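Heads up: the structure comes next, in structure tokens.
There are 2 protein chains.
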Amino acid sequence: MGLPPLKALQAFEAVARLGSVSDAAAELFVTPGAISQQIKKLESSLGIRLVERNGRGVELTSWGAAYHLDIVGPFAALRQAHAVLHRKRAGAGLVVSCLATVASRWLGPQLFDWQVLNPASKIRLIGAESEPRLFEDGVDFRLSYGSKSQSFDHYAPLFTDCVVPACAPGLIAGKAIAAPEDIFACPLIGIEWEGSHKPPPSWDEWARSVGVSVGSVSTELAFSLSSTALDAAVNGRGFVLAQIAMIREDLASGRLIVPIDRRLQLGESYFLAWDRAALEKPFGAEFRDWVLAMSRAQQRKSAAL
Amino acid sequence: MGLPPLKALQAFEAVARLGSVSDAAAELFVTPGAISQQIKKLESSLGIRLVERNGRGVELTSWGAAYHLDIVGPFAALRQAHAVLHRKRAGAGLVVSCLATVASRWLGPQLFDWQVLNPASKIRLIGAESEPRLFEDGVDFRLSYGSKSQSFDHYAPLFTDCVVPACAPGLIAGKAIAAPEDIFACPLIGIEWEGSHKPPPSWDEWARSVGVSVGSVSTELAFSLSSTALDAAVNGRGFVLAQIAMIREDLASGRLIVPIDRRLQLGESYFLAWDRAALEKPFGAEFRDWVLAMSRAQQRKSAAL
DNA sequence: TTTCACATTTTAGCAAATCTAAAATGTAAC
DNA sequence: GTTACATTTTAGATTTGCTAAAATGTGAAA
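Just so you know, the sequences run in chain order A and B. If you count by the working numbering, then the first sequence holds residues 168 to 472, one letter each, in order. If you count by the working numbering, then the second sequence holds residues 168 to 472, one letter each, in order.
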């Protein structure tokens, strides 16, 4: 005894308000036949005739008119509430989750360019090592690495990065770094990747790739976060096997240099995943396209030699 | 971009109001699983999380709480409108349509008894020769004659009537009416039935049935409505071949008499049809049962000898 | 009147939404 | 730990809702 069939009620509301079955059908994106059936269903549910044919069109019975008067308000209120919620959600800006290193060293710096291009947009950047559930955690975009892209409904591969040895200019001031061997004479900083990724190239592998035979490379310092390892390198603590994408700014500003550009490609790629609803939000689609464009540019710089 | 799925919205409204999936399920007469799915559907349609699991139960997210605040009112208003309509319809009383003669001569007089038994009930009696569409014309019950009962969804046969010769006492005052022949010496009133029924027995047939051979029975007066024919008989204009059921009152009060009780059965029966919703209305089922009871009593009086 | 154009209704068949039942999951209390 | 409770998930069955096309009915034009 609670409510009549709501879909039928909605059809009746539209017919009563617009005064025409065809118009109601157009508003609800269905055929007139569907509306006609819903009206009949509602009438039979209430046991009361609400609408009657009148010549070419339809008109309300006295009961239909009275009933409509009572339900237009509530329906308008529901539409209003829906619109309010929709605008609220849209106004909340884009929520972007990415690996901490990517946030601080690749996406973060470039976001200033984005803001110049799209001053009206609002983006919240979240660093997270584990993959979030997009919708459930209120995340619109996720930028991450590896094969976990598969677990998302919508995603695109970005770029495949390479590592190169990099150091602060001060570290090798006065020294001549002409051959790979010279690098192994300097302090080396190691990075221990966590998680289930395919591990990135290590100093051992790099040595092998450039034809240097060292019994065992000693890395005096090792960091679990590549970001802090890079910071350490910037501070002149040694050479780091850095991802090219992650030292963009450092190379541009001269804080880091690459004396010998011998590259090793990472085993997997970065990817961008997004929630279905994200593209509907203001700047949602633009943001994705912008990231993809940045990624193509990065791919050119990161390509293996 | 008008409204979210209304069934899902209804489920959410119930969950939010009752604070429990199970309670909402009970209110809407479905399983908790159905509610759970509807909530998920609404959330995915809005692109926003509205409800979260909290330990043993659920609770609203801040967005869910805000949204609920906006929709409880409209939903309550819809329920209110529904209840108002329901009460209006119920309060309108029972609408009974029947053949004009039945209205004025069988059901009408007995309705006073019904009113004594059910003083709180309200009945509107409508005389109509053609069969109404029950629901479409706002008719709850139809009492009529013949095979058209088939065209109704719900109906019950009532009684099969007989005709007898009747006249006003004054017509034969001082005369001795001992044999059927004596009746044919008096003025006869004929009835011409309209419509598609099997015609009722005529004076010719009655004469044959009682063994009177008359070349051709002359009916000086003929009426198309049996009701007016009976009135004419009451006014002493002649004999009428009257249906026993239709002269109940006249016999009881002595306005008409049956000097020779030789009966002829009608070819078809009376029936009562009703709308599905009629039995739900106040006194609806009681009225049907009362008519059926009256009909059984009538059957006993109308039985062929 | 007949014909035409237009709006709604009806019909049958198909597609999608919705439900149930049962298993799975997750919590809190014992 | 074990249990009891509430919700969620899953697969499958049922119901509902929709479309397309034909039918119906109306008013206006020829």
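Note that CB positions come from ideal geometry on N, CA and C, so glycine has one too. As the structure is a computational prediction, the values presented were derived from the model and not from experiment.
Contacting residues, own chain, Cβ-Cβ under 6 Å from residue i (five flanking each side not counted)
i: Asp231/B; result: The sequence as given places Gly at residue 231/B; Asp does not occur at that position. So the qualifying residues of the chain are Leu217 and Val218.
i: Gln410/A; result: Asp328 and Val330
i: Glu194/A; result: Ala181
i: Val379/A; result: Pro347 and Glu348
i: Lys289/B; result: Gly260
i: Leu446/A; result: Ala452
i: Pro199/A; result: Val188, Ser189 and Ala192
i: Ala340/A; result: none
Nearest neighbour of residue i, chosen from the options [CA to CA]
i: Trp441/A; options: Glu453/A, Pro354/A and Phe319/A; result: Phe319/A
i: Glu180/B; options: Gly214/B, Ser211/B, Ala444/B and Ile238/B; result: Ile238/B
i: Leu397/B; options: Tyr437/B, Ile427/B, Leu355/B and Trp373/B; result: Leu355/B
i: Pro276/A; options: Leu292/A, Ser288/A and Leu261/A; result: Leu292/A
i: Ile350/A; options: Cys334/A, Arg223/A, Glu303/A and Gly200/A; result: Cys334/A
i: Ala295/B; options: Cys265/B, Ile339/B, Lys448/B and Pro426/B; result: Cys265/B
i: Ser436/A; options: Met461/A, Val401/A, Ser311/A and Phe450/A; result: Ser311/A
i: Arg443/A; options: Gln432/A, Gly434/A and Arg455/A; result: Arg455/A
i: Val425/A; options: Phe438/A, Ser393/A, Ala345/A and Arg467/A; result: Ala345/A
i: Leu439/B; options: Pro286/B, Val269/B, Leu338/B and Val401/B; result: Val269/B
i: Met461/B; options: Ile339/B, Leu274/B and Thr395/B; result: Leu274/B
i: Ser229/A; options: Leu252/B, Asn221/B and Val263/B; result: Leu252/B
i: Ala400/B; options: Arg415/B, Gln177/B, Leu423/B and Met413/B; result: Leu423/B
i: Leu284/B; options: Phe450/B, Arg463/B, Glu210/B and Arg309/B; result: Phe450/B
i: Glu359/A; options: Val225/A, Ile339/A, Arg463/A and Thr395/A; result: Thr395/A
i: Ile427/A; options: Phe326/A, Pro241/A and Phe406/A; result: Phe406/A
Inter-residue Cα distance where the pair is residue i and residue j
i: Leu459/A; j: Ile206/A; result: 49 Å
i: Ala323/B; j: Arg300/B; result: 17 Å
i: Trp457/A; j: Arg404/A; result: 35 Å
i: Gln465/B; j: Arg223/A; result: 48 Å
i: Gly421/B; j: Pro336/B; result: 8 Å
i: Ala343/B; j: Gly357/B; result: 23 Å
i: Leu418/A; j: Gln282/A; result: 23 Å
i: Arg254/A; j: Gly214/B; result: 12 Å
i: Ser212/A; j: Phe302/B; result: 11 Å
i: Arg246/A; j: Ala175/A; result: 16 Å
i: Gly305/A; j: Arg256/A; result: 10 Å
i: Pro172/B; j: Arg467/B; result: 59 Å
i: Leu227/B; j: Ala178/B; result: 13 Å
i: Ala287/A; j: Leu209/A; result: 47 Å
i: Arg184/B; j: Arg415/A; result: 54 Å
i: Ala470/A; j: Ser393/A; result: 20 Å
i: Leu170/A; j: Val225/B; result: 24 Å
i: Ala248/B; j: Gly186/A; result: 20 Å
i: Gly313/B; j: Gln204/A; result: 33 Å
i: Ala352/B; j: Leu408/B; result: 15 Å
Exposure label - residue i; buried when at least 16 CB within 10 Å
i: Leu472/B; result: exposed
i: Pro367/A; result: buried
i: Phe279/B; result: exposed
i: Ser316/A; result: buried
i: Asp307/A; result: buried
i: Pro332/B; result: buried
i: Ala192/B; result: buried
i: Ser271/B; result: buried
i: Phe196/B; result: exposed
i: Arg309/B; result: buried
i: Leu325/B; result: buried
Three-state secondary structure assigned by DSSP to residue i
i: Trp360/A; result: coil
i: Gly337/A; result: helix
i: Leu209/B; result: helix
i: Ala440/A; result: strand
i: Gly222/A; result: coil
i: Ala409/B; result: strand
i: Ile202/A; result: helix
i: Gly214/A; result: coil
i: Pro347/A; result: helix
i: Phe319/B; result: coil
i: Phe196/B; result: coil
i: Phe302/B; result: coil
i: Phe308/B; result: strand
i: Gly389/B; result: Before going further, note that residue 389/B is Ala rather than Gly in the sequence given. Looking at Ala389/B - three-state DSSP - the assignment turns out to be strand.
i: Gly294/B; result: strand
Proximal residues to residue i (C-beta, below 7 Å), its chain only, five neighbours per side dropped
i: Gly431/B; result: The sequence given here has Leu at residue 431/B, not Gly. Once the five neighbours on either side are set aside, the close Cβ partners of Leu431/B are Cys329, Val330, Pro368, Glu372, Trp373 and Ser376.
i: Lys448/A; result: Ala257, Leu261 and Asp307
Spatial neighbours of residue i in its chain, beta-carbon cut-off 8 Å, leaving aside the 5 residues before and after
i: Ala244/B; result: none
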